[in-house]
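Residue numbers (our numbering): 27 to 681.
Even for Gly, the Cβ is constructed at its ideal location relative to N, Cα and C.
Quantities reported herein were computed from a predicted structural model and do not represent experimental measurements.
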RNA sequence: GCUGCUGUAGCUCAGUGGUAGAGCACACCCUUGGUAAGGGUGAGGUCGAGAGUUCAAUUCUCUCCAGCAGCACCA
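Okay, here's the thing in structure tokens:
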């Protein structure tokens with residue numbers, strides 16, 4: 027007879043993480059169970075997980091289950107603390123600013139937010155007041171109580187409270203779904219919010235390690251046609267040490283901001299007169315060119331041909347491709363559409379241009395696949411609030427390519443592209459930092475469902491073959507093709523799309539592309555769009571933040587500064603720079619009348635130059651150099667000849 | 001585009017209803033110094049643009065432009 031049958035009807039079996047099983051009366055709470063294990067555990071318990079799902083400590087257990095007790099040191103405690111902090115903040119706001127409506131307030135990475143509807147904006151001083159009130163509410167130690175409400179009662183209650191947004195939320199909940207409210211505090215004194223939970227036992231459990239960080243606008247339900255709400259962000263942690271560490275981490279990350287480093291390192295600047303366009307300084311342009319040269323070598327290695335197409339084309343191409351309908355507002359159109367029969371526009375992407383090259387002449391199946399690369403300079407009129415340093419500009423260069431191929435060639439081509447992308451990201455030190463998004467058909471799209479099925483299946487098969495981690499991003503494909511997007515993050519964790527692979531079965535038809543098949547009949551090629559860096563500008567921004575300005579030697583704008591300790595070594599230093607340049611090293615000379623401390627600080631801390639050769643009378647006499655590598659405190663003295671040979675070798679870019 | 005904030009010297013920032021100040025950078029001088037800021041002197045500003053209020057606006061108000069944070073968008 028199995029043990030399970032011995033369990034009486036009014037009892038349940040609880041399995042603990044160590045595998046032990048105990049029997050309890052039905053309806054026993056996690057808190058009671060924790061108490062049977064030890065008093066200290068009951069005290070430390072914050073919540074439970076029931077079959078892996080987080081739940082209130084006070085939740086009665088109705089069925090046999092696997093149970094864990096969540097304590098403050100557990101990772102799950104963080105999201106509880108943050109979610110509760112959001113509730114506490116909402117209560118604080120309503121106490122301080124009566125009439126403010128609450129909407130939603132989830133926990134997010136590193137913290138939480140709550141969206142409020144209020145006529146007046148929240149000021150920075152308001153944040154201080156709110157935070158102070160939050161600490162009082164935490165101090166009160168009000169109990170969180172879960173209540174199940176009747177749908178109509180809940181709607182009536184929130185209507186009476188003037189909470190239109192909560193009413194809308196409840197009305198939109200599927201029929202039959204349990205409507206749970208959480209009360210913090212006792213009876214009518216308590217503050218009620220619609221919430222799925224779970225929560226901590228009391229507000230006191232939130233602790234003191236939180237801080238309100240910023241106030242910003244956010245649309246109701248993420249929809250720009252709906253009301254703009256005031257969102258207050260906060261961060262919350264298990265203890266003050268964690269909070270301090272977080273604030274410190276943010277501060278450090280902000281020092282890596284590419285806009286800040288771009289100025290300090292003299293790489294580029296922006297001006298009001300050219301919004302979203304880069305003024306590249308000599309040093310920044312050196313990085314740009316080094317990266318482009320590298321990409322050109324890669325593309326050659328992978329059997330691409332490089333082409334170049336016009337910057338400015340008749341809008342008929344965009345109308346034909348469908349971009350005009352969807353992106354007209356974001357294109358720079360050069361002539362008045364009203365008066366000109368053929369308005370021209372700056373190209374926002376290179377696809378139609380490359381298609382013209384394909385269409386020039388007759389393509390045989392023997393010519394396929396054609397891998398056509400173009401470092402295309404494109405222009406996109408971005409919404410004013412979207413521009414962001416190098417990451418989102420209005421004029422940029424894509425390391426674009428279009429592969430035209432047959433159905434049979436499709437998958438291998440995409441796999442080979444993934445190899446190339448992986449190779450490039452590895453060379454650039456970013457391989458471990460990419461997220462791949464598989465973005466499938468959007469609601470607004472062109473083409474038949476059969477074609478979308480085929481294109482998505484092809485990408486799915488490739489993903490199965492390449493064995494890289496990926497995330498499904500349903501509905502986020504381009505209007506003409508599903509895609510794999512390669513996402514990188516900046517210093518403070520914002521995500522930026524860099525590489526992309528798009529399997530397109532629509533443009534070839536739209537742009538009248540064909541090839542002659544073995545049977546002599548015309549056939550439609552497939553078109554794969556791909557970019558590896560994406561935007562060269564954006565990728566440099568990401569690289570700067572990733573390396574905190576300390577770019578790998580081969581990309582560093584200045585690879586070596588030869589600096590003198592005394593004027594007596596000027597001639598020697600000049601000679602060294604000349605020799606370095608002969609070996610292809612980007613070297614500069616610093617014989618200014620300054621102390622060596624000053625020069626070291628300027629080139630290392632500020633300029634991020636990877637290598638310094640320091641020379642004085644001694645080195646000039648002995649034909650040596652004192653080598654200082656960025657990041658290391660000490661230096662080594664080497665003979666000039668071997669120092670140059672070694673450095674020249676280290677500066678070689680990857681092939 | 002939306003909400004909020006910001007715009008003063010090349011950079012980072014202070015300041016004021018009576019037309020401006022610091023540090024760094026720059027120029028010159030002193031200093032020739034051995035690994036993360038040596039000292040002195042000097043030059044440098046239409047206070048984002050336009051309009052309004054005022055005897056007087058860099059300062060107050062409005063509009064526009066640009067930037068920052070977040071949201072929305074991103075072929």
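For a test of the three-state rule: what should DSSP assign to residue 203, helix, strand or coil? Mapped onto the first chain, residue 203 falls at position 177. DSSP places residue 203 in coil when its eight states are reduced to three.
Taking residue 80 as the reference, which of 270, 224, 152, 353 has the closest Cα? As a position in the first chain, residue 80 is number 54, starting the count at 1. Closest by alpha carbon: 224.
Who are residue 764's beta bridge partners in DSSP? The displayed coordinates of the chain run from 27 to 681. Any statement about residue 764 would go beyond what the structure contains.
Specify the secondary structure class of residue 412 as computed by DSSP and reduced to three states. On the first chain, position 386 is the one that residue 412 refers to. Three-state result, residue 412: helix.
I'd like to know whether the C-beta atoms of residue 167 and residue 229 end up nearer to each other than 8 Å. Here residue 167 refers to the residue found at position 141 of the first chain. Here residue 229 refers to the residue found at position 203 of the first chain. With respect to residue 229, residue 167 sits close: the two C-beta atoms are nearer than 8 Å.
With residue 184 as the anchor, note down where its alpha helix (DSSP H) starts and where it stops. Working through the first chain from its first residue, we reach residue 184 at position 158. Looking at the DSSP string, the run of the alpha helix (DSSP H) that includes residue 184 is 177–186.
Check whether the stretch 271–288 touches the stretch 154–172, counting contact only when three or more Cβ pairs, one atom from each stretch, lie closer than 8 Å. When C-beta atoms of the stretch 271–288 are compared with those of the stretch 154–172, fewer than three pairs fall below 8 Å, so the two segments do not count as touching.
Quick one: complete alpha helix (DSSP H) runs, 4+ long, within the stretch 79–149? With a minimum length of 4 residues, the continuous alpha helix (DSSP H) runs that stay inside the stretch 79–149 are 101–122.
Residue 28 - DSSP class collapsed to helix/strand/coil: Translated into the one-based positions of the first chain, residue 28 becomes position 2. Annotation note: pLDDT 47 at residue 28 (below 50); position unreliable, no value reported.
Cutoff 7 Å; reference residue 337; Cβ partners in own chain excluding five residues on either side: In the first chain, the residue the question calls residue 337 occupies position 311. 372, 373, 403, listed in sequence order.
Taking just the CA atoms, how far does residue 54 sit from residue 28? Translated into positions along the first chain, residue 28 becomes position 2. Translated into positions along the first chain, residue 54 becomes position 28. Here the model assigns residue 28 a pLDDT of 47, short of 50, so the residue's position is not dependable, and the following value carries that caveat. Distance between the alpha carbons of residue 28 and residue 54: 24 Å.
Give every residue of the same chain whose Cβ lies closer than 6 Å to the Cβ of residue 443, excluding the five residues on either side of it in the sequence, and list them in chain order. Your numbering for residue 443 matches position 417 in the first chain. Taking C-beta separations shorter than 6 Å and ignoring five residues to either side along the sequence, the partners of residue 443 in its chain run 527, 556, following chain order.
Three-way DSSP call (helix, strand, coil) for residue 64 in this model: Your numbering for residue 64 matches position 38 in the first chain. Assignment of residue 64 by DSSP, reduced to helix, strand and coil, places it in the coil class.
Just list the residues that DSSP pairs residue 254 with in beta bridges. Against the first chain, residue 254 aligns to sequence position 228. Residue pairing by DSSP places residue 254 opposite 245 in a beta bridge.
Note down the Cα distance separating residue 179 from residue 215, rounded to an integer number of angstroms. What you label residue 179 is simply residue 153 of the first chain in a count that begins at 1. What you label residue 215 is simply residue 189 of the first chain in a count that begins at 1. The straight-line gap from Cα to Cα measures roughly 19 Å.
Cβ distance (whole Å) where residue 164 is taken to contact residue 114 below 8 Å: The residue labelled residue 164 in the question sits at position 138 within the first chain. The residue labelled residue 114 in the question sits at position 88 within the first chain. Indeed they touch by this definition, with Cβ atoms about 6 Å apart.
Cβ-Cβ separation, residue 625 to residue 589 (assumed contact under 8 Å), whole Å: If you number the first chain from 1, residue 589 lands on position 563. If you number the first chain from 1, residue 625 lands on position 599. About 4 Å; that satisfies the 8 Å criterion.
Grouping DSSP H, G and I as helix and E and B as strand, with all else coil, what is residue 550? Within the first chain, numbered from 1, the residue matching residue 550 stands at position 524. Shown here, residue 550 sits in coil according to DSSP, grouped into three states, outside any helix or strand.
Are residue 73 and residue 106 touching if we call contact CB-CB under 8 Å? For the purposes of this step, residue 73 is identified with residue 47 of the first chain, where counting begins at 1. For the purposes of this step, residue 106 is identified with residue 80 of the first chain, where counting begins at 1. It is a contact, given that the beta carbons lie within the stated cut-off.
Give the DSSP bridge partners of residue 586, in chain order. For the purposes of this step, residue 586 is identified with residue 560 of the first chain, where counting begins at 1. DSSP lists 613, 637 as partners of residue 586.
Helix, strand or coil: how does DSSP classify residue 667 here? Along the first chain, one-based indexing puts residue 667 at 641. Three-state result, residue 667: helix.
Look up residue 523 in the DSSP assignment and say whether it is helix, strand or coil. As a first step, residue 523 is located in the first chain; it is residue number 497 there, counting from the start. Three-state result, residue 523: strand.
For residue 409 and residue 356, what's the separation of their Cα atoms in angstroms? Sequence index remark: in the first chain, residue 409 carries index 383 (1-based). Sequence index remark: in the first chain, residue 356 carries index 330 (1-based). Straight-line Cα distance between these residues: approximately 8 Å.
Of the choices 206, 152, 56, 395, whose alpha-carbon is the least far from that of residue 541? For the purposes of this step, residue 541 is taken as the residue at position 515 of the first chain. Checked all of 206, 152, 56, 395; the closest Cα to residue 541 is 395.
Give the secondary structure of residue 212 by DSSP, where H, G and I count as helix, E and B as strand, and everything else as coil. Reading the first chain from its first residue, position 186 is the one you call residue 212. Coil, per DSSP.
Who are the Cβ neighbours of residue 288 in its own chain at under 6 Å, not counting the five residues just before and after it? Walking along the first chain from the start, residue 288 turns up at place 262. If the five residues before and after residue 288 are omitted, its C-beta is found closer than 6 Å to the C-beta atoms of 294, all from its own chain and listed in chain order.
For a test of your reading of the model: does the CB of residue 463 fall under 7 Å from any non-hydrogen atom of the ligand ZN? Yes or no. The model on display carries no ligand, and the ligand ZN is accordingly not part of it.
For the alpha helix (DSSP H) holding residue 232, just list the boundary residues, first then last. Within the first chain, residue 232 is the residue found at index 206, counting from 1. Neither: residue 232 is in no alpha helix (DSSP H) and is coded neither H nor E.
For residue 675, which residues in the same chain have their Cβ closer than 8 Å to its Cβ, ignoring the five residues on either side in sequence? As a first step, residue 675 must be located in the first chain, where it is residue number 649. Same-chain partners within the cutoff: there are none.
Excluding sequence positions up to five away, which residues of its chain have a Cβ less than 6 Å from the Cβ of residue 218? Within the first chain, residue 218 is the residue found at index 192, counting from 1. Taking C-beta separations shorter than 6 Å and ignoring five residues to either side along the sequence, the partners of residue 218 in its chain run 207, 209, following chain order.
Return the Cβ separation of residue 376 and residue 420 in integer angstroms, given the expectation that the two are a contact with Cβ distance under 8 Å. For the purposes of this step, residue 376 is taken as the residue at position 350 of the first chain. For the purposes of this step, residue 420 is taken as the residue at position 394 of the first chain. Contact doesn't hold; Cβ gap of about 16 Å is too wide.
Kindly indicate which three-state DSSP category residue 632 falls into: helix, strand or coil? What you label residue 632 is simply residue 606 of the first chain in a count that begins at 1. Of the three classes helix, strand and coil, the one that applies to residue 632 here is helix, per DSSP.
Could you say which of 112, 66, 221, 176 lies nearest to residue 201 if we only look at CA atoms? The count along the first chain starts at 1 and reaches residue 201 at position 175. Ranked by how close their Cα comes to the Cα of residue 201, the residues 112, 66, 221, 176 have 176 in first place.
Can you tell me which of 232, 39, 297 puts its alpha carbon nearest to the alpha carbon of residue 104? Taking the first residue of the first chain as 1, we reach residue 104 at position 78. Its Cα nearest to that of residue 104, the residue 232 stands out among 232, 39, 297.
Collapsed DSSP secondary structure at residue 327 in the structure displayed: By 1-based counting over the first chain, the position of residue 327 is 301. DSSP places residue 327 in helix when its eight states are reduced to three.
Alpha-carbon spacing of residue 68 relative to residue 100, whole angstroms: Counting from 1 along the first chain, the entry for residue 68 is found at position 42. Counting from 1 along the first chain, the entry for residue 100 is found at position 74. So the alpha carbons of these two residues sit roughly 15 Å apart.
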